[in-house]
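Note sheet for the following structure.
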Amino acid sequence: MGESAFLSAAAVAQLAPGGLLVVGFSGGPDSASLLHALHGLGRWPLLAAHLDHALRPESAAEAAAARRVAAGYGMAFASRRVDVAALARQHKQSLEAAARAARYAFLFELAEQHGAHAVLSAHTADDQAETLVMHMLRGAGAQGLQGMPAYWRPNPWSDRVALVRPLLETSRAAVLAYCKTHALAVQQDPSNHDPAFFRNRVRHTLLPAMEALAPGVKTRLAHSAAVQAAENEVLQAASEAAWQRCVARRAAGFIGLQRGALAAEPLALQRRVLQRAASVLRPHRDALTFGLIEQARAALDGQPGEQDWFDGLVLLVEGPQLWLAEREVLRRGQLPAAWPQAPQAQLALPTPADVTLGAGWRLRLQVQAAPAAPAADAFQAWLDASLAAQLVLRRPQAGDRMALPHGRQKLADLFINAKLPQRARAAWPLLCAGDAVVWAPGLRLAHGYAAAPGQAAVHAELVTGSE
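Those letters in the sequence shown? Residues -7 to 459, by my numbering.
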């Protein structure tokens, strides 16, 4: 079989002529045949990349053999040794998942370093069938049931570099025949027959039983994957738009989602947004279980507070936002504040005044006549003009209370009743006169300090930076 017929024409058509390709090269039949076919076509510069998983004593010798093959083709070669077993323990993953994460991280790191057009993987049609069955057994949704895409960009590792699988329509039998025809020296990994691995049990036990029961099942699985992939394209476009609508903040270690916006999305898009957020924060992890997705969805309507999610991530409900964050980011106080924060030192306020607070908020004071019927707005207050020379801005202090029509209320209770996020309370701005709390912006005005309608007043308002 010639190189052009061996490779998927659709996948090859996606590769820009002359663009550098990083090819995952274990030395096994699949990657050996892929590397040989690409080299034979001669349309692209190639970089063969070998990851030594450090799982078997002979792995170093296999890496050296892979280097010799690349040298024989006259192509660039890169290798790295990674203790995959240690990674699996660190991330509480299976060896399979840890190895996969390490491989793709290595391949895409090389691609970015060298400005490569794409990363190529040697997955075959048999691998696709195995993957589909594994996803079915794990209860995957539409994304999982489409199997592995032949061309994937953007992907969890890069928005620029595509992941391409040119052998995805090629059977394992065709791969072995190609290797025999071209007398390729290949390495056999004994772990591919170890029943301790889930994929091997599917490959050597379950799929043969399915084939005996329903001959041609691999072909039908491939057809099913193609149908799911086409339908998934429509859902993917919708979920991208939902992602843009729902993500409020994003940085290393956290993503903030608008609870109301996400809750308003159709159920399928809610789950896709949450799955994508999890993939951004934990790219080494397989798709989330149904239970983990539903736990995050339940938080959209949940009470303020935090709960453990998975792999060191927490769900934190604060006001209008649902944070998906590293526990360490939360512990170190590195989540951005979305609320006003008073300066640490007490600040005497002249009138007029315009004070910048944290997170883009400002406090404005000016003398105006109080309206006859002030709007019911907790973010502005009309204060008796006699307070103008006494006003100070400060943070809450132990024992603070506010005057109410029928007594006094602890400020801490006011915060709790208003469901103010715990992290917001320590620096919440207070407008005071002497020791008395006059106004807690955004919450309430203390009794006895409001200006009479039509009389001179200090108009205080808390506004965002855009107002």
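Ideal Cβ positions, reconstructed from N, Cα and C, are used throughout, including at glycine.
Asked, Found
"Unbroken beta strand (DSSP E) run spanning E298, endpoints", "297 to 300"
"Cβ pair count under 8 Å reaching 3, the segment 57 to 73 against the segment 39 to 46", "yes"
"8 Å Cβ cutoff, S25 in contact with chain D", "Protein chain content of the structure displayed is limited to a single chain, and chain D is not contained in it."
"Those runs of the beta strand (DSSP E) which lie wholly inside the segment 375 to 454 and span at least 3 residues", "383 to 386, 393 to 396, 399 to 402, 422 to 425, 428 to 432"
"T123, buried or exposed, once every other Cβ within 10 Å from all chains shown has been counted against 16", "buried"
"Cα-Cα separation between L249 and A229, rounded to whole angstroms", "19 Å"
"Residues bridged to S71 (per DSSP)", "H42"
"Boundaries (first-last residue) of the beta strand (DSSP E) holding R356", "353 to 361"
"Stretch pair the segment 267 to 287 + the segment 309 to 326: three plus CB contacts closer than 8 Å", "yes"
"Host beta strand (DSSP E) of R59 (start-end)", "First-last for R59: 51 to 65, but that is the alpha helix (DSSP H), not the beta strand (DSSP E)."
"Straight-line Cα distance separating Q299 from R415", "15 Å"
"For W431 and A452, believed in contact at Cβ under 8 Å, the rounded distance", "6 Å"
"L26 beta carbon less than 8 Å from that of L112", "yes"
"C-beta atoms of V14 and A108 nearer than 8 Å", "yes"
"Span of the alpha helix (DSSP H), counted from its first residue to its last, around Q82", "76 to 83"
"Secondary structure of W144, DSSP reduced to three states", "strand"
"Straight-line gap, P332 to Q401 (C-alpha atoms, nearest Å)", "22 Å"
"Entirely enclosed alpha helix (DSSP H) segments - the segment 170 to 213, minimum 4 residues", "190 to 193, 199 to 205"
"Closest Cα partner of V4 within the set V74, R157, A97", "R157"
"Environment of G16 [buried if 16+ CB atoms lie within 10 Å]", "buried"
"Supposed close pair V384, Q338 - CB separation, criterion 8 Å", "5 Å"
"Neighbour-count burial assignment, I247, 16 or more Cβ in a 10 Å radius", "buried"
"Minimum C-alpha distance to P342 - residue among L322, A425, I408, R323", "A425"
"Cβ contact (3+ pairs, closer than 8 Å) linking the segment 434 to 441 and the segment 405 to 414", "yes"
"A419 versus A443: straight-line alpha-carbon distance, rounded", "27 Å"
"Residue environment, G297, which counts as buried when at least 16 other CB atoms sit within 10 Å", "exposed"
"Local Cβ density within 10 Å of V167, reported as buried at 16 or more and exposed below that", "buried"
"DSSP-derived helix/strand/coil call for W315", "strand"
"Contact belief for E161 with A117 at Cβ below 8 Å, rounded distance in angstroms", "6 Å"
"Simplified DSSP assignment, three categories, for F100", "helix"
"Residues near V125 in its chain [Cβ-Cβ closer than 8 Å; skip 5 each side]", "V194, L198, L199, M202, L213"
"Test item: CB-CB of G19 and A57 under 8 Å", "yes"
"Counted within 10 angstroms of its Cβ, other Cβ atoms place P344 as buried (16 or more) or exposed", "exposed"
"Buried versus exposed call for S150 [16 or more other C-beta atoms within 10 Å across all chains shown]", "buried"
"Status (buried if at least 16 other CB within 10 Å, exposed otherwise) for V226", "exposed"
"Nearest-angstrom beta carbon gap, A217 and Q135 [assumed within contact, 8 Å]", "Actually they do not touch by this definition, with Cβ atoms about 11 Å apart."
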